[in-house]
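Here the structure is laid out as structure tokens; the discussion comes afterwards.
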Amino acid sequence: MKNEEQLEYIRILKALQELPFKIGKKSLIEFLQGKETPRIIKNRLYTLATYNTIDKPEHDLSQEIEKLIINGMIKLTASQENKFLKLLQLTKKGEQEINDPQLYQKKTSYSFKEIETPITQEDLDLFDTTKNFLYSYNLEQKKAITSPAKNILCIAGAGSGKTAVLIKRIAFLIEYRLIQPEKILAITFTKKAKEQMRERLNKIPQAQGVTIETFNSFAEKILKANNRLVYDKPTTLLTYKDKITLINRALEKMNLSRSQALTYYFKEQKTKTQEQLFTIFVNDCFFIRDYFKSKNKPLQESEFISSEIKHKQAISMIVEIAGFISAAMKRYGLRTFNDQLLDTLHFFENNPQAIPQYEHILVDEYQDVNASQIKLLNFLDPQNLFVVGDPRQSIYGWRGSDIRYILNFAANHEPSQVITLTKNYRSKKKIINLINQAVSHMGFKDLESTKHEEGKLTLKECYSEQEEYDYIIQEIQKSSSPIFILARTNNQLNELAQKIKLQSIPFQIKTEENNLEEDESLPNLTLATIHAIKGLEAETVFVVGCNSHNFPCKGSEHPIIEMIKDEEYDKEEEERRLFYVALSRAKSNLHLTYTKKPTYFIKETMHRTIKGLDSQEKKHKEKSSLNNQNPLFEKLKNWRKEMSQEQNLPAYCILTNKTLQEIADKKPSDFDDLSTIQGMGEVKIERYGSQILRMVQEE
0 MKNEEQLEYI
10 RILKALQELP
20 FKIGKKSLIE
30 FLQGKETPRI
40 IKNRLYTLAT
50 YNTIDKPEHD
60 LSQEIEKLII
70 NGMIKLTASQ
80 ENKFLKLLQL
90 TKKGEQEIND
100 PQLYQKKTSY
110 SFKEIETPIT
120 QEDLDLFDTT
130 KNFLYSYNLE
140 QKKAITSPAK
150 NILCIAGAGS
160 GKTAVLIKRI
170 AFLIEYRLIQ
180 PEKILAITFT
190 KKAKEQMRER
200 LNKIPQAQGV
210 TIETFNSFAE
220 KILKANNRLV
230 YDKPTTLLTY
240 KDKITLINRA
250 LEKMNLSRSQ
260 ALTYYFKEQK
270 TKTQEQLFTI
280 FVNDCFFIRD
290 YFKSKNKPLQ
300 ESEFISSEIK
310 HKQAISMIVE
320 IAGFISAAMK
330 RYGLRTFNDQ
340 LLDTLHFFEN
350 NPQAIPQYEH
360 ILVDEYQDVN
370 ASQIKLLNFL
380 DPQNLFVVGD
390 PRQSIYGWRG
400 SDIRYILNFA
410 ANHEPSQVIT
420 LTKNYRSKKK
430 IINLINQAVS
440 HMGFKDLEST
450 KHEEGKLTLK
460 ECYSEQEEYD
470 YIIQEIQKSS
480 SPIFILARTN
490 NQLNELAQKI
500 KLQSIPFQIK
510 TEENNLEEDE
520 SLPNLTLATI
530 HAIKGLEAET
540 VFVVGCNSHN
550 FPCKGSEHPI
560 IEMIKDEEYD
570 KEEEERRLFY
580 VALSRAKSNL
590 HLTYTKKPTY
600 FIKETMHRTI
610 KGLDSQEKKH
620 KEKSSLNNQN
630 PLFEKLKNWR
640 KEMSQEQNLP
650 AYCILTNKTL
660 QEIADKKPSD
670 FDDLSTIQGM
680 GEVKIERYGS
690 QILRMVQEE
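First residue of the sequence shown? That's 0 in numbering that gives the first Met the number 0, and the numbers climb one at a time after it.
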């Protein structure tokens, strides 16, 4: 890689350092690409040295900026004029990086390839000694199971057997390291995952006594054991029936009917019943109350994004309701799951002698941890910490999870080992190739398929949603194997479900509100939102609505999410990871359907993979054809090289290849023609227009 390409991120940082005011991501990208927007021209930003210094598509540049945000070089701040707008600001770490460009390359949170712990001869000798115990595991899995390191991060890609590794490590600690089961705590996120882990450990006689909990169940046990020390009255977990009762009382006190409250909150919502809307409304009211309590922020209107008048009435109502239910819960001795965790943290802070002691703590799905859960782990302060997760599947930032905890684990837990599981036991080769490309910018080692078959990929363009649904129904009728139909929103699922019902095809629906347990007696066809299907797999997967409206999703079924001021949450990147999760559910057949224009999450390389083209060969042929067939293009490139040397600027700062190619193809005859060329704005025409037209005329 050329040095200037290696240091491309430095040009992004320098641009933020050089710009006279803060700007948003889109504006920074336009500046770096050399676009001549009214704002750039008005403020003469085109005179700055970093203007027009990166020749990359918008979504690629967006990913590069996201990396720098994740790694603390750039931070997001809210605009004073429009609190919904996130502005970019260079951090002290970013300023240091400009002065020492090697720092980022050495310590970037994405550099797991560089800091990954190698498998040594000592490891191989141990594997050989324990070959009967480890016979069915690959080398990387064996390393994760047996490593003696105090702190271990196991990056486990989709379908790489992470839960099996975690369970086997527990068995190894007991059988070979002679750790007492009572000194081991395994933590996961869902009740279902906890039960699955317990079921697997029950098959290991020596593992009886290992504590397996969710974060919530762990906190609940602590509070039950110490209720009198924590509360001044008996306190119980809030039920959904309790939630309904409290919301109804709040609305009654505010003299609001259900329908009025739903109208204020959802505005126009035609695809759901009043009962469905009320369920979302109830959950959102409690979510926002818990959210502010977790952030230790006051629950007041100024903490919301209120730039749009349409939100003001909803925000005012939600704040009053949340305040009412919070006071009522305290009065009646009720607590939410979130309260359990926060109350446990408060108890540990005041009663350190009551903190249980564990030698080994193992955490599953570490990419989903939030600040409160990290604080709990810090209180437990285990001698040995093993965490397993996949940053590519971090999709819960909207409810408080923070991807930075897994990305920065090695830096925050020195010394530590990083072990990456890359062998995928789920998907066939073409599907693995596609999902690797979907998140290639994150810099992780590619997954490797263990299957011999290529698998099937299709990208189907449809002229309408009706045609899209008809196509899917026709295809699922041809198959008898398990099928997932995945959608970004519940609205899409409901519409498709109605169509499928008319065909008398049995199916089940999984949503976050209706997350059915797996059952062998259930139909082969499952309709699900992507959030609800995480962790599951099917032989055939359809991802419906793969257009720019749904990926990234423009709206939300939870309006309050759009109203929160959260400077740390980047929705676009999380939406990209959500798309990755959808693709990686497929074992053999993956079908993507869309109307209008496909999402830009499907990169050009992915389009070629789906079509079965060799991208490098095609690129070489196109370049060869271009050079042989268009001498004007070569002439323009030679001229640009001279300008570059004369002005002491990189060539692409003069004009990009894309602009030169368009000039060579269209052969503009005057300044009006030239102004239609992408990349030829007022400033470029003023500087180079006459010379370009002369070269065109000479041809």
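We put the CB at the ideal spot given by N, CA and C, even for glycine.
Asked: How big is the Cα-Cα spacing for G396 and F670?; Found: 49 Å
Asked: Can you find the residues in the same chain that come closer than 8 Å, C-beta to C-beta, to I246, ignoring five residues on each side of it along the sequence?; Found: F280, V281, C284, I320, I324
Asked: Cβ of I430 within 9 Å of Cβ of L184?; Found: no
Asked: Using 8 Å for Cβ pairs, my map puts E447 next to T419. What's the rounded Cβ distance?; Found: E447 to T419, Cβ: 11 Å. No contact.
Asked: Which same chain residues end up closer than 8 Å to K220 when comparing Cβ atoms and leaving out the 5 residues on each side of it in sequence?; Found: E212
Asked: Please indicate yes or no: does the CB of N42 lie closer than 8 Å to some heavy atom of the ligand ATP?; Found: Of ligands this structure carries none, so the ligand ATP is not represented either.
Asked: When the Cα atoms are used, what is the spatial distance from I166 to Y357?; Found: 17 Å
Asked: In terms of alpha-carbon separation, which member of A192, Y651, K683 lies closest to I40?; Found: K683
Asked: Put G23 into one of helix, strand or coil per three-state DSSP.; Found: strand
Asked: Can you say whether T592 is buried or exposed, counting buried as having 16 or more other CB atoms within 10 angstroms of its CB?; Found: buried
Asked: Alpha carbon to alpha carbon, how far is D231 from E571? Give it in angstroms, no decimals.; Found: 44 Å
Asked: Pick from L138, F132, N131, L133: whose alpha carbon is nearest that of T119?; Found: L138
Asked: Quick one: residues in its chain with C-beta nearer than 6 Å to the C-beta of E115, no 5 flanking neighbours on either side, listed in chain order?; Found: V417, T419
Asked: Taking only three categories from DSSP, how would you classify K634?; Found: helix
Asked: Mark T145 as exposed unless 16 or more other C-beta atoms lie within 10 angstroms of its C-beta, in which case mark it buried.; Found: buried
Asked: Measure from the alpha carbon of P390 to the alpha carbon of each residue in K242, H440, S415, E413, then state which is nearest.; Found: H440
Asked: Along the chain, where does the alpha helix (DSSP H) that runs through I277 open and close?; Found: A small fix is needed here, since residue 277 is Phe in this sequence, not Ile. First-last of the alpha helix (DSSP H) with F277: 273-294.
Asked: Report the residue from K292, I186, K311 whose alpha carbon sits nearest the alpha carbon of D367.; Found: I186
Asked: Under 9 Å, do G454 and L582 count as touching if we go by C-beta distance?; Found: no
Asked: Between which two residues does the alpha helix (DSSP H) harbouring T343 extend?; Found: 336-349
Asked: Given D713, which residues of its chain have a CB within under 8 Å of its CB, disregarding the five upstream and five downstream residues?; Found: Outside the shown range of the chain, which is 0 to 698, sits residue 713, and nothing can be said about it.
Asked: Check whether the Cβ atoms of K444 and K428 lie closer than 9 Å to each other.; Found: no
Asked: F20: which of Y45, D469, Q88 sits nearest, CA to CA?; Found: Q88
Asked: Please state whether the Cβ-Cβ distance between I394 and K533 is less than 9 Å.; Found: yes
Asked: With a CB to CB cut of under 8 Å and the five nearest residues on each side skipped, what residues in its chain are close to Y290?; Found: R398, G399, I563
Asked: Check the C-beta distance from F214 over to Q372 and give it rounded, since I have them as a contact under 8 Å.; Found: 5 Å
Asked: Straight-line CA distance for I662 to E573?; Found: 38 Å
Asked: Which full runs of the alpha helix (DSSP H) of 4+ residues lie inside the stretch 348-425, going along the chain?; Found: 370-379, 403-406, 408-411
Asked: For L501, which of helix, strand or coil comes out of DSSP?; Found: helix
Asked: In this structure, does DSSP put I203 in helix, strand or coil?; Found: coil
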